[in-house]
């Protein structure tokens, strides 16, 4: 297992394909890291589907409104259109490159519209640099992200079984 140097800034995400460990980057995107930790600690991401998964690009998840299996508003046809009940975040763009394993916030065309949805890059995606807020990096389990079913939308999607801050695990 990857060495967890900072448990307060490490996420352990159990997916339907296996465990993924994400190192958070609070110096790069403090507001986004705080939001990810807040929603994680509330259990908001538990049961959320990977609703948009594009080969050689990325796996998107985090719609805690319409993408949460068993949630009151769960609707596979609308997964990807919702967020949390918290306000949208101000963009925290940086010079960090979108490379394999980068965790970054999804948003609309409006830069300050990120809320709860995020994606994990399968491969380098330099066209996203300085346009999306990078908040983490997969340090273990990328092979499990690689196994996630593809689609736009995904039929019978994989899920985040549970997501925990390592300090709480």
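Numbering (the UniProt record's numbering), first residue to last: 1 to 169.
By construction, the Cβ of each residue, glycine as well, lies at the ideal position given by its N, Cα and C atoms.
Model, not experiment: these values are computed from the prediction.
For this session: Would you give the residue range spanned by the alpha helix (DSSP H) that residue 170 belongs to?
Result: Coverage of the chain is limited to positions 1 through 169, which leaves residue 170 absent and any answer about it impossible.
Exercise. Among residues of its own chain, excluding the 5 on either side of residue 168, which ones have a beta-carbon nearer than 8 angstroms to its beta-carbon?
Worked result: For residue 168, same chain residues with a beta-carbon under 8 angstroms away, outside a window of 5 residues either side, are 41 in chain order.
Exercise. CB-CB under 6 angstroms to residue 117, same chain, minus the five flanking residues each way: which ones, in chain order?
Worked result: Cβ within range, chain order: 62, 63, 106.
For this session: Tell me, please, which residues DSSP counts as bridged to residue 25.
Result: Looking at the DSSP output, residue 25 sits in no beta bridge, so it has no partner there.
Problem set entry | Backbone secondary structure at residue 107 - three-state DSSP | Of the three classes helix, strand and coil, the one that applies to residue 107 here is coil, per DSSP.
For this session: Using 10 angstroms around the beta-carbon of residue 37, count the other beta-carbons present and answer buried if the total reaches 16, otherwise exposed.
Result: By the 10 Å Cβ count, residue 37 comes out buried.
Exercise. Can residue 23 and residue 119 be called in contact, C-beta distance under 7 angstroms?
Worked result: The answer is no: Cβ separation not under 7 angstroms.
Exercise. Regarding residue 134 and the ligand HEM, is the C-beta to nearest heavy atom distance less than 6 angstroms?
Worked result: Of ligands this structure carries none, so the ligand HEM is not represented either.
Exercise. Identify the residues that DSSP records as bridge partners of residue 59: which are they?
Worked result: In the DSSP output, where bridge partners are listed per residue, residue 59 has 53, 120.
For this session: Determine the burial state of residue 108: buried for a count of at least 16 other Cβ atoms within 10 Å of its Cβ, exposed for fewer.
Result: By the neighbour-count criterion, in which a residue is buried when 16 or more other Cβ atoms sit within 10 angstroms of its Cβ, residue 108 is exposed.
Exercise. Three-state secondary structure (DSSP) at residue 11?
Worked result: Note: residue 11 maps to strand in three-state DSSP.
For this session: Determine, using beta-carbon pairs with one atom in the stretch 90-107 and one in the stretch 122-133, whether at least three such pairs fall under 8 angstroms.
Result: Output reads yes: the stretch 122-133 touches the stretch 90-107.
For this session: Please work out which residues of its chain come closer than 7 angstroms, Cβ to Cβ, to residue 113, disregarding the five sequence neighbours upstream and downstream, and give them in chain order.
Result: Counting only Cβ-Cβ distances below 7 angstroms, and skipping sequence neighbours, we find 88, 107.
Problem set entry | Backbone CA spacing between residue 17 and residue 155 [nearest angstrom] | Going by C-alpha positions, residue 17 is about 15 angstroms away from residue 155.
Exercise. If you draw a straight line from the alpha carbon of residue 151 to that of residue 45, how long is it in whole angstroms?
Worked result: Residue 151 and residue 45 have their C-alpha atoms some 20 angstroms from each other.
Problem set entry | Start and end residues, alpha helix (DSSP H) containing residue 33 | Unbroken alpha helix (DSSP H) run through residue 33: 30-41.
Problem set entry | Exposure label - residue 2; buried when at least 16 CB within 10 Å | That one is exposed.
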